[in-house]
Amino acid sequence: MLEEFLENWRGRRALSLFTTDPIYIGEDYTELINKYKSNGVIKDFEYFIVFNEL
-3 MLEEFLENWR GRRALSLFTT DPIYIGEDYT ELINKYKSNG VIKDFEYFIV FNEL
């Protein structure tokens, strides 16, 4: 689903993506993100760790 979105975004202004979901730092997503960074679809990608204080 993410790859389809990124493919359809091709030719537009590059995206800056920010997430707190650790799934996106897995190997599969890392390769996908790097592919689209090198193609100019993604400008920046940042993963942030969120600590919940209760």
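Number 35 in this note's numbering belongs to position 39 of the sequence shown; there are no gaps in the numbering.
For each residue, glycine too, the CB sits at the ideal point set by N, CA and C.
Being a predicted model, the structure only gives us computed values, none of them experimental.
Please state the DSSP three-state secondary structure of residue i.
i	result
Thr16	coil
Tyr41	Contrary to the premise, residue 41 reads as Phe rather than Tyr in this sequence. If DSSP states are grouped into helix, strand and coil, Phe41 belongs with the strands.
How would you label residue i, buried or exposed, when you count the other beta carbons within 10 angstroms and need 16 or more for buried?
i	result
Ile51	As shown, the chain starts at -3 and ends at 50. That puts residue 51 outside it, with no answer to give.
In whole angstroms, give me the CA-to-CA distance for residue i and residue j.
i	j	result
Arg8	Leu2	10 Å
Ser12	Tyr25	15 Å
Asp17	Gly36	23 Å
Ile45	Ile21	11 Å
Phe41	Asn4	18 Å
Are residue i and residue j closer than 7 Å when you measure CB to CB?
i	j	result
Glu0	Leu28	no
Tyr32	Thr15	no
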